[in-house]
Amino acid sequence: MLLRFIELEMSIRTTIALLDKDEDMLLPEEWLLAQKIKLVLQPMKELTDFISGGKYPSASSVIIVVQVLQEDLKELKTKKEKHATFGLMESLESELMMCVGFLEESSIFTNSTFLDPQHNFFFQRRNS
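Shown next as structure tokens:
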């Protein structure tokens with residue numbers, strides 16, 4: 065919904081201006097914040113789309129997908145610009161670790177990732 069809201073920013077601004085009402089409109093800083101929130105949530109959307117793509121997610125992909133998401137969040141956090149979404153990123157990262165942080169310790173997930181030929185690069189990269 066946030067994505068659609070941002071896509072329709074100009075239409076929303078125009079419509080509110082045409083209404084001749086004294087409605088509270090988002091300030092330019094709030095539109096910018098919405099765009100930054102979208103950037104933070106984009107990797108979560110991609111993860112959800114990936115996992116939901118098939119009839120069921122493959123256990124061999126879970127560790128890879130979670131690590132990519134962690135890397136995306138860390139990259140966003142290390143950008144020079146510290147903004148209001150930093151707290152959101154911290155919260156997402158801690159919740160992610162609390163929910164799925166144990167997966168690398170799980171022999172089922174680790175073995176399924178190791179045995180899946182499409183993920184050979186994962187173990188080659190980690191051993192380098």
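With my numbering, letter number 88 in the sequence shown gets 152, and the count goes up by one each step, no holes.
Ideal placement from N, C-alpha and C gives every residue a C-beta, glycine not left out.
Exposure of residue i, with buried meaning 16 or more beta-carbon neighbours within 10 Å
i    : result
I127 : buried
D113 : exposed
P107 : buried
F166 : exposed
V142 : According to the sequence as given, residue 142 is Thr; it is not Val. Exposed, because fewer than 16 other Cβ atoms sit within 10 Å of the Cβ of T142.
Cα-Cα separation, residue i to residue j
i    : j    : result
N156 : D136 : First, the residue type needs correcting, since residue 156 is Leu and not Asn in the sequence shown. The straight-line gap from Cα to Cα measures roughly 11 Å.
M161 : I80  : 42 Å
P181 : S124 : 10 Å
N78  : E169 : The question names Asn, yet the displayed sequence has Thr at residue 78. So the two alpha carbons sit approximately 53 Å from each other.
S116 : L133 : 16 Å
L72  : L83  : 17 Å
Distance CB(residue i)-CB(residue j) smaller than 9 Å
i    : j    : result
L111 : V129 : yes
Near the ligand ZN: residue i beta-carbon under 8 Å from a heavy atom
i    : result
T177 : With respect to the ligand ZN, the structure offers nothing, as it holds no ligand at all.
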